[in-house]
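Numbering (my numbering), first residue to last: 1021 to 1330.
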């Protein structure tokens, strides 16, 4: 009798342990936290929602944040994956080294920073030397540009004080003194667009995927009453052909100057849902969703075509 009681208690304990430790997620089932740079929101949203559609048992809790906050969230183990426009720096890598975690970083796309102005602003062309002069405080007004027809002070508009868009521009143009330039920050890429529409002297900086998906009602709505500026590397462009907008082809051929890489970084320690999503992006139709969003996929999806001989 005592043996039966002992066995019964053992079975109950095993049952309680199993209930308190549910099986880990796998590539097609489970729930995980993901974080992403908010400038990449349209692209990331299209990818994870498509994956949830393919695998109904998969659930992603996604938080869009300024890039540094997103990366910090992942480093603190509050998210399994992070989508960012840069790789981890040495200090961030050391966090994983101390914890003996082997993280994985996958280059998934080429993105572009789109320069936008309102429809009332007739200036749609700018050169990299002119942009550099703006960020160095040497050009402060629209009429100082070679093709300048707009009048008034140039107001640079970004989505956030800690955004990847602002950090990219400051690094690109080697800005050391912010007091010399007129920068205005809002709270999102959408608010940048709204501000630019209402202010003819504003020059906005946004992730191009917010306006580049031709099939997205949101992108179509956000694109209204905007001009996307063409940018030239040359100081003295010979013709309109020397200017490029952040369209997909120009990103892929590296013709658009203000381009950057997009990465997905994983701290996943087992073959789980995070790995399933990453594989979907780099080895499956996820790259088609990147392409549809207007970015250039790192590994374009290979379409197989069968020709029937007659």
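From the three backbone atoms N, C-alpha and C, an ideal C-beta is built for every residue, glycine too.
A direct Cα-to-Cα measurement between residue 1181 and residue 1047 gives close to 36 Å. The three-state secondary structure of residue 1304, taken from DSSP, is coil. In the same chain as residue 1162, and ignoring 5 residues on each side of it, the C-beta atoms closer than 7 Å to its own belong to 1143, 1168, 1170, 1171, 1172, 1174 and 1221, in chain order.
Cβ-Cβ separation between residue 1314 and residue 1245: approximately 19 Å, too far for a contact (criterion under 8 Å).
Residue 1230 and residue 1044 have their alpha carbons spaced roughly 35 Å apart. Just so you know, the alpha carbons of residue 1068 and residue 1191 end up roughly 30 Å apart. 7 Å or more divides the Cβ of residue 1054 from the Cβ of residue 1074. With a beta-carbon spacing of about 5 Å, residue 1212 and residue 1226 fall inside the 8 Å limit used to define contacts. Within a 10 Å sphere around the beta-carbon of residue 1058 sit 16 or more other beta-carbons, which makes this residue buried. Secondary structure of residue 1050 (DSSP, three-state): strand. In the displayed model, residue 1315 falls within coil according to three-state DSSP, outside both helix and strand.
The beta carbon of residue 1239 lies closer than 6 Å to those of 1231 and 1233 in the same chain, with the five residues before and after it left out. Residue 1103 is not a Cβ neighbour of residue 1251, given a cutoff of 7 Å.
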